[in-house]
Each structure stands twice: as C-alpha cells, then as structure tokens.
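**Q** The following block contains the structure, expressed as structure tokens.
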Amino acid sequence: MQGSQPAAWMAMLILVMTQLLLDERLQSVFANMYRAPQESRGLQLIEETHNTVENDSSYSSFHDECAFARNVTFSNKPPTTTVIVTSNLIPTMPSTAVIEDTLDSLSMLIGLEPNTPIIIAVDGIQPQLDTPESRQRLQDWVSRVRSMFKCHPNVQILTSFVPLHISNTLRMAIQQVTTEFVHIMEHDFPFTKEIDHQLLVRAIRAVPELRIIRFNKRGNHHWKSLVGLAACARNHTYAGMDFHLGKWSNNNHFTTKAYYEWLLEEIGPHHPAPEAKMMTMQNNKNCTYSTWYGQYMYGPVEDGRYLYHIDGKRESYNRTYMFNNHKRCPNATADVPSSVLPWVRCPR
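The sequence shown maps to residues -31 to -1, 1 to 317 in mature numbering (1 follows the signal peptide of the UniProt record, and there is no 0).
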C-alpha cells in the first residue's frame, strides 16, 4: 500500500498538469474564436480603406481638404519677398469678398514665389466704432479668413485688440518679416494689371535710388501732379521699364524690409499713416531726400492704372468690375489649384 502511494501521487500530478494544459488551450481557442474575426475584419477594413483612398480621388479630397495644398510643388529656394496686407473693420464684414479679390489679384505679380509668406495684419476697432455688434463682425471675419487659409502655413494672420492705425499695424507685421523684400498692400486695393515682380527685385538691387516702387490707382499720366517738389522730378529706366518719382502714398508698393524699418523709425509711433508724414517731409526737404526716400511710380507715363480701389468704406461691394475687368483666372475651375500661388485656384 505504501509502495503504491508514490505512483498514485505521480498519476494525480500528471492528471492535474494535463487538465491545466487543456484549460490553457481551451482558453486560447475560445479567445481566438472571439478575437480573430474582429482582428481579421480590422485588417480587411484597413486594406479596403487604403485601396479606396488610392483609387478614389474624391474620397481623398472629401476626407482631406488640405490635400491640394500639399500637392503644390514649392521650390527649395527660400522666398525673397513677403506680402503684407493691412486690414481693419469695414461695413461689408464679416463678408470676405473684399479680401478674397485682393489676395486673388496677387496672380498679377508675375514671378512671385509660390511659397511667399503672406501676413494679413488686422487693426483694432476705433473707439467711435467699437460696439458689441462691430466686435462680433470683425471676430467672425477673422475666423472666416483663418478658415480660408488653414491649409496654408505660409499665411499668417495678426490681430490687434487695440486700434493701432496703419503705421503701427505695419510695425506689428514688419517684426514678423524674414525676407529681404516686402509688398505692402491695403485690403481693398487689388491689382488689375500684370506686374513683373522679378524685374522689381532686380531693379531695386541695381538702381540705388529705387528704394520703393508704387503702383498707381490712376493713370500714370497723373504722376507729374504727385511729385511734390517740382524741381525734384526724376525718372529711371531699368530693363526697358520706366520709373517716375512721385509723391508718397499708402497705396500698394514694393520695397525692402530695411527701408520700412528706417521709415517706421523716421515717422515715429504717433503718426496714423506713413503717407501723412512722408508727404510733408518730401515737400519740405530738399531733392536729395525726395529722390532717395520718395516713391517711384511703376510703368511708363502712358500706362493706365495698376490698382482698383474697392473702397472698403462702402456699405456694399459689387464684385462685377473685378470679374469683368480683372485678368485673373481666364480658365479658372473650382478644382484646379494655381501653379502661381497655392490659394488662388487659377491655372496660368
């Protein structure tokens, strides 16, 4: 009896171990019975989704609204120019029609790099206009503009909680500029005629007196009335393009960041608009000041205007003129991004 006890204990141990192994296998089998279909279906769903995205562009576009922006080929070469657009509360806000047409008109700047940084600098509301309703309209407008450009990291929107006027709004924007050159635009002055941007860059680098170049909202034949000091009349020709000295204006112009840093220091923080101070200095100082710091008009005397004044102070904006007279988007479609600038859906 005693001799049989070890054998009995051994048999019992084998039985227990066998049961445990069976239990583990059963647990594994049951677990796989419940898990395997889910995992298998998951792999199938992933594979189906991958194939769908590859084979169905509409699916990709629907689920990735920024896909078109990533498909734009940018040069590895850093941009030379930043575009600054100043804006403020206007009656048509929160409609974005005015800023849309102005930014679309950048397609008129031939040779402007697709990766050009864009800074939209929004001034605060003037005290006499500051109401809950106006604050809401401006806030809604800013929100819409941010949404418009959420796929474009090169577009930056700066806002001020206090009224800065144009000079200090530009000061706020210039601090963010990292390029050599700047295009300064007002939000209601779209371009209406093609401008050779690369020629502007070469001209300013080649001709020392061409420090700042302005684009006229009227025909260039008016330039003589804009000179300021009549004795300071001056013109330059570079690569077949004429530049005539004119009176200073806030209207769209092209210059260097260094010029604007000098300008903002020259006029100080208390002048609401650069043109007010610069016109006075241009009229009262000698020709050296005028010719070195004054604006030169782009284009020959017989040229027509290069800008259209939408006039944001109006209660409404009729886009008919821009659609009928602006050369942009002759073959535009809703789905073809521009090869010029990524947010302008206008192939050239």
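All C-beta atoms in this analysis are idealised placements derived from N, C-alpha and C, irrespective of residue type, glycine included. Values in this document were obtained by computation on a predicted structure and should not be read as measured data.
Residue 206 bridges to which residues according to DSSP?
**A** Partner(s): 211.
**Q** Roughly how many angstroms separate the alpha carbons of residue 251 and residue 68, rounded to a whole number?
**A** 31 Å
**Q** Leaving out the 5 sequence neighbours to the left and right, which residues in its chain are closer than 7 Å to residue 335 when beta-carbon positions are compared?
**A** It is not possible to answer for residue 335, since the shown part of the chain is limited to -31 through 317.
**Q** Quick one: residues in its chain with C-beta nearer than 6 Å to the C-beta of residue 352, no 5 flanking neighbours on either side, listed in chain order?
**A** For residue 352 there is no data in the structure shown, the boundaries of the chain being -31 and 317.
**Q** Thinking C-alpha only, which one of 122, 79, 74, 57 is nearest residue 98?
**A** Nearest C-alpha to residue 98: 57.
**Q** What residues are listed by DSSP as bridge partners for residue 267?
**A** 212
**Q** Measure the alpha-carbon distance for residue 7 versus residue 120 and round it to whole angstroms.
**A** For residue 7, the predicted structure reports a pLDDT of 37, less than 50, and the residue's modelled location is therefore unreliable. A value from the coordinates is still provided. Looking at the two C-alpha atoms, the distance is approximately 36 Å.
**Q** Which residue comes first and which comes last in the beta strand (DSSP E) that contains residue 127?
**A** 124 to 128
**Q** Who are residue 155's beta bridge partners in DSSP?
**A** 55
**Q** How long is the line joining the alpha carbons of residue 52 and residue 106, rounded to whole angstroms?
**A** 25 Å
**Q** Identify whether residue 143 lies in helix, strand or coil by the three-state DSSP scheme.
**A** Three-state DSSP puts residue 143 in a helix.
**Q** Residue 158: buried (16+ other C-beta within 10 angstroms of its C-beta) or exposed?
**A** buried
**Q** Buried or exposed for residue 235, going by 16 or more other Cβ atoms inside 10 Å?
**A** In this structure residue 235 is exposed. Its beta-carbon is surrounded by fewer than 16 other beta-carbon atoms within 10 angstroms.
**Q** Would you list the one or two residues that DSSP bridges to residue 222?
**A** According to DSSP, which records beta bridges pairwise, residue 222 is partnered with 153, 183.
**Q** Among 61, 172, 153, whose alpha-carbon lies nearest the alpha-carbon of residue 210?
**A** 172
**Q** Can you grab the Cα-Cα spacing for the pair residue 205 / residue 177, in whole Å?
**A** Going by the C-alpha atoms only, they are around 11 Å apart.
**Q** Can you tell me which of 183, 238, 130 puts its alpha carbon nearest to the alpha carbon of residue 218?
**A** 183
**Q** Can you list, in chain order, the residues of its chain whose CB lies under 8 Å from that of residue 154, leaving out five sequence neighbours each side?
**A** 52, 53, 54, 55, 71, 221
**Q** Output the distance between the C-alpha atoms of residue 239 and residue 138, rounded to the nearest integer angstrom.
**A** C-alpha separation (whole angstroms): 12 Å.
**Q** According to DSSP, is residue 78 part of a helix, a strand, or is it coil?
**A** strand
**Q** Rounded to whole angstroms, how far is the Cβ of residue 166 from the Cβ of residue 78, which I believe are closer than 8 Å?
**A** 4 Å
**Q** Who are the Cβ neighbours of residue 226 in its own chain at under 6 Å, not counting the five residues just before and after it?
**A** 146, 151.
**Q** May I have the straight-line CA-CA distance separating residue 196 from residue 202, to the nearest angstrom?
**A** Caution applies to residue 196, whose pLDDT of 49 falls short of 50 and renders its modelled position unreliable; the value that the coordinates give is listed next. The alpha-carbon atoms of residue 196 and residue 202 are separated by roughly 6 Å.
**Q** Just to confirm the assignment, what range does the alpha helix (DSSP H) spanning residue 173 have?
**A** For residue 173, the enclosing alpha helix (DSSP H) begins and ends at 166 to 175.
**Q** Residue 50 bridges to which residues according to DSSP?
**A** 150
**Q** Determine the DSSP secondary structure at residue 69, reduced to helix, strand or coil.
**A** Looking at residue 69 - three-state DSSP - the assignment turns out to be helix.
**Q** Pick from 241, 113, 96: whose alpha carbon is nearest that of residue 130?
**A** With distances taken between Cα atoms, residue 130 lies closest to 96.
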